[in-house]
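Under the working numbering, the first residue of the sequence shown carries the number 153, and numbering increases by one thereafter. Beta carbons: idealized from backbone N, C-alpha and C, even for Gly. Input: a single structure, listed below in structure tokens.
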Amino acid sequence: MPISAPSSDSSSSSGSGARVWVLHGLALGAAAAAYLYRRPSGFRSRAVGIIPARFASTRFEGKPLVHILGKPMIQRTWERVMLASSLDHVVVATDDERIAECCWGFGANVIMTSESCKNGSERCCEALKKLEKHYDIVVNIQGDEPLIEPEIIDGVVMSLQRAPDAVFSTAVTSLKPEDAFNTNRVKCVVDNQGYEKYFSRGLIPFNKSGSVNPKYPYLLHLGIAGFDSKFLKIYPELPPTPLQMEEDLEQLKVLENGYRMKVIKVDHDAHGVDAPEDVEKIEALMRARNFR
């Protein structure tokens, strides 16, 4: 799906029907847009997609290899990522030979990383250092997103290309009411310039009644992150931060250290596979969309 110019609100996909639009801030005024387009054409021009995958998940051991309608989940995710037009290269980063063998079997490029990586961002950082070519943007796509839209990946890349003051970009969608108090669904709040303010496993914003407000547009964070490659290389060196450790959300370390994070809002009614019971839900969605 072609992403529209910064002044456009949305665009439509001929294949998936997904719409991607940047929250507020990417709809730049004429002067700001002109400023950005005066930048050299090579500014953050090369992007690599990295899919971190580990076997030893505490919530769902062996998750990347679980079959989704007959194919390993990591393969389902890889196939979707390969459809993104903004990526110059795609690799799977893992520390597990079983995952590596599976990925080699369906034709993916694999980079072996160490078991000491604390999270997906650190695994992406190690993989980036092992790549032979230089990349300006690294897109971290979680391996448990078998229905990730390639248009979302392209939107995350575009938003970082057009926000030189940001080092990180990500995507959000509308939160379903039934997921309001599910701690596996990460919620977030964004300012009116399209920059992230906070992530939480709890419901945010929270109101005095302690209940879900059906009129409020709560946002759900999706499992994708774009990094400026220079920032990604220093990310593992930043010490853990209190909010990051309390919420167990690695992206909070970016915010707590004062870096800016750009956000796009997308229509996306599927979520990642966080627990075994999510497999059946994902398969039902795929059947409804005639996935093979």
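One Cα belongs to Asp421, the other to Thr325, and the distance between them is close to 8 Å.
A residue is called buried once 16 or more other Cβ atoms fall within 10 Å of its Cβ, and Pro298 is buried on that count. Note on geometry: alpha-carbon atoms of Tyr350 and Ser381 lie some 22 Å from one another.
His373 sits buried, since 16 or more C-beta atoms from the chains shown fall within 10 Å of its C-beta.
Listed in chain order, the non-local C-beta contacts of His219 below 8 Å within the same chain comprise Met225, local neighbours out to five positions each way being set aside.
Inclusion of Tyr411 and Val308 in the CB contact set at 8 Å is not warranted, their separation being larger than that value.
Looking at Cys269, Phe195, Glu274 and Arg198, the one whose alpha-carbon comes closest to that of Tyr387 is Glu274.
At a Cβ-Cβ threshold of 8 Å, Ile202 and Asn292 count as neighbours. Of the other Cβ atoms in all chains shown, fewer than 16 fall within 10 Å of the Cβ of Asn442; this residue is therefore exposed. Residue state for Tyr347 is assigned as strand, using DSSP reduced to three classes. Contiguous alpha helix (DSSP H) elements confined to the segment 197 to 283 occur at 225 to 233, 249 to 257 and 272 to 282, taking only those with 4 or more residues. Here the C-alpha atom of Cys277 lies approximately 6 Å from the C-alpha atom of Lys385. Its Cα nearest to that of Gln396, the residue Asn271 stands out among Asn334, Ile300, Ala427 and Asn271.
Close CB contacts of Leu239 within its chain, under the 8 Å cut and outside five residues either way in sequence, are with Ala199, Val200, Gly201, Val233, Val291, Ile305 and Val309 (chain order). In the three-state DSSP reduction, Phe333 falls in the coil class, being neither helix nor strand.
Exposure of Arg250 is indicated by the presence of fewer than 16 other C-beta atoms within 10 angstroms of its C-beta. Annotation: the continuous beta strand (DSSP E) that includes Gly378 extends over Leu371 to Asp380. Ile416 is the residue among Ile416, His241 and Ala440 whose C-alpha sits nearest the C-alpha of Gly375. Of the residues Val342, Ser209 and Val243, the one whose Cα lies closest to the Cα of Leu407 is Val342. For Asn292, DSSP records a beta bridge to Ile202 and Ala377.
Cα atoms of Asp248 and Thr322: separation of roughly 27 Å, rounded to the nearest angstrom.
In this structure, Gln313 is the residue among Gln313, Glu389, Pro329 and Arg206 with its C-alpha nearest to the C-alpha of Lys414. Here Gln294 is near Gly424, since their CB atoms are less than 8 Å apart.
In the three-state DSSP reduction, Ala436 falls in the helix class (H, G or I). For a cut-off of 8 Å, the C-beta gap from Glu330 to Cys340 is around 18 Å, too long to register as a contact.
In the structure shown, Phe443 falls within a coil segment according to DSSP collapsed to helix, strand and coil.
For Lys405, the enclosing alpha helix (DSSP H) covers residues Leu404 to Glu408. For the pair Leu401 and Val338, the CB atoms are nearer than the 8 Å cut-off.
Annotated as distal: Val242 and Val262, with beta-carbon spacing of 8 Å or more.
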